[in-house]
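> Got a structure here, written out as C-alpha cells. Questions coming.
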Amino acid sequence: MSTMAFGALQIAFDEHVLRPRPWTLAQSQWAQQLLAAAPTGPVLELCCGAGQIGLAAVAGTTRSLVCVDLEATAVAFCRANAAAAGLTDRVEVRHGAMDEVVGAEERFALVIADPPWVPSTQTARFPEDPLLAIDGGDDGLAVARTCLQVVGTHLAPGGSAVLQVGTEAQLDLLDLPAGEAGLALLERRVLDGGVLGRFGLPGSG
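Numbering (this note's numbering), first residue to last: 57 to 261.
Rendered as C-alpha cells:
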C-alpha cells in the first residue's frame with residue numbers, strides 16, 4: 057500500500073487501484089466551486105477509484121457524497137480514505153455497476169466522473185495501471201457514455217456534471233450521447249493530463 061497527498065488529503069491506494077493523478081485535483085476544485093451555486097442535495101462520484109476526487113470536492117463543505125466503483129479493492133480504499141479524512145458520516149461507497157447501484161429516485165446536485173478513457177488498443181502503453189481503470193473500449197469512451205446516461209437520469213434540475221476524458225477530440229465525440237441523455241456540454245477546461253467537460257441541462261449556461 058502507498059499513500060500520497062491530494063490537496064489537503066492523504067490518499068491510500070495500491071497496484072489494484074489507479075494511482076491518483078495530481079492534475080485531477082483541478083476537477084475537485086472546479087466541482088467545489090460549482091457546489092457553491094448548485095441546488096441542494098448530495099454529490100455523486102462515478103468510477104471513484106480510491107475516492108480522492110470526490111472526497112476533495114466535498115471536504116470543507118456540508119455536502120454528502122455517494123461514491124461508486126466496479127472494483128472491490130477501489131471501494132475498500134475509498135471507504136478507508138473517507139474515514140482518514142474524517143468524512144465517514146457524509147460518504148457512502150457503493151460497489152457495483154453505476155447504472156445498477158444508483159436508485160431510480162435518487163437525484164444529485166453534482167456528479168463527478170473520471171472514467172477510463174484509453175482506447176483498448178492503447179492500454180499496453182500504461183503497463184503499471186490496472187486495466188479496468190483505464191480501458192475505455194474501442195474509442196476510449198464506452199464508460200464515459202454510460203456515465204452520461206447515469207447523469208441524465210439522476211442529475212437534479214440546475215445541477216452540473218464534471219467529466220474527465222483524455223483529449224478535446226474525445227470530449228467533442230460525447231456531444232451526441234450527451235444530447236441523447238438530455239444534456240449539453242456547457243464548458244470545457246484543458247488540464248495537463250486530460251480534459252474536463254461540464255454537462256448540464258441545455259440552456260442552463
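Just so it is clear, CB atoms sit at the ideal spot from N, CA and C, and this is done for glycine as well.
1) Between residue 241 and the rest of its own chain, which residues show a CB-CB distance below 8 Å, the 5 nearest in sequence each way excluded?
2) Excluding the five sequence neighbours on either side, which residues of its own chain have a C-beta within less than 7 Å of the C-beta of residue 223, listed in chain order?
3) Leaving aside the five residues before and after residue 83 along the sequence, list all residues of the same chain whose C-beta is less than 7 Å from its C-beta, in chain order.
4) What does the Cβ neighbour count give for residue 88, buried or exposed, with the cut at 16 atoms within 10 Å?
5) Would you call the region 58 to 75 and the region 98 to 112 touching, i.e. three or more CB-CB distances under 8 Å?
6) When DSSP labels each residue in this structure, what does residue 163 get in the three-state scheme?
7) Three or more C-beta pairs under 8 Å: does that hold for the region 123 to 134 against the region 147 to 166?
8) Starting from residue 228, follow the beta strand (DSSP E) in both directions and report where the run begins and ends.
9) Going by DSSP, what residue range makes up the alpha helix (DSSP H) through residue 243?
10) Taking residue 192 and residue 239 to be in contact with their CB atoms under 8 Å, please state how far apart those CB atoms are, rounded to whole angstroms.
11) With DSSP as the reference, label residue 59 as helix, strand or coil.
12) Could you say which of 143, 165 and 211 lies nearest to residue 90 if we only look at CA atoms?
13) Can you give me the Cβ contacts of residue 245 inside the same chain, cut-off strictly under 6 Å, excluding the 5 residues immediately before and after it?
14) Could you compute how far the alpha carbon of residue 85 sits from the alpha carbon of residue 172?
15) Who pairs with residue 101 in a beta bridge, going by DSSP?
16) Rounding to the nearest angstrom, what Cα-Cα distance links residue 177 and residue 202 in this structure?
17) Short check: CB of residue 100 to CB of residue 158, under 9 Å?
18) What are the partner residues of residue 150, as DSSP defines its beta bridges?
19) With distance defined between alpha-carbon atoms, name the residue in 200, 115 and 58 nearest to residue 70.
20) For residue 185, which residues does DSSP report across the bridge?
21) When we look at the beta-carbon of residue 271 and count the other beta-carbons within 10 Å, is it buried (16 or more) or exposed?
Walking through what the data contain:
1) 227, 230, 231, 234, 253, 254 and 255
2) 251
3) 109, 168, 170, 218, 220 and 252
4) buried
5) Taking 8 Å as the limit for Cβ pairs, the verdict is that the region 98 to 112 does touch the region 58 to 75.
6) The three-state reading of DSSP puts residue 163 in coil, since its state is none of H, G, I, E or B.
7) yes
8) Unbroken run through residue 228 is the alpha helix (DSSP H), 224 to 229; no beta strand (DSSP E).
9) No alpha helix (DSSP H) contains residue 243, which is instead part of the beta strand (DSSP E) from 240 to 246.
10) About 19 Å; that fails the 8 Å criterion.
11) In this structure, DSSP gives residue 59 an extended state, which the three-state scheme calls strand.
12) Of the candidates 143, 165 and 211, the residue whose Cα lies closest to the Cα of residue 90 is 165.
13) 252
14) 20 Å
15) The partner list for residue 101 (beta bridge, DSSP) reads 123 and 168.
16) 20 Å
17) Closer than 9 Å, so yes.
18) Per DSSP, 124.
19) Residue 58 is the option with its Cα nearest to residue 70.
20) Looking at the DSSP output, residue 185 shares a beta bridge with no other residue.
21) Coverage of the chain is limited to positions 57 through 261, which leaves residue 271 absent and any answer about it impossible.
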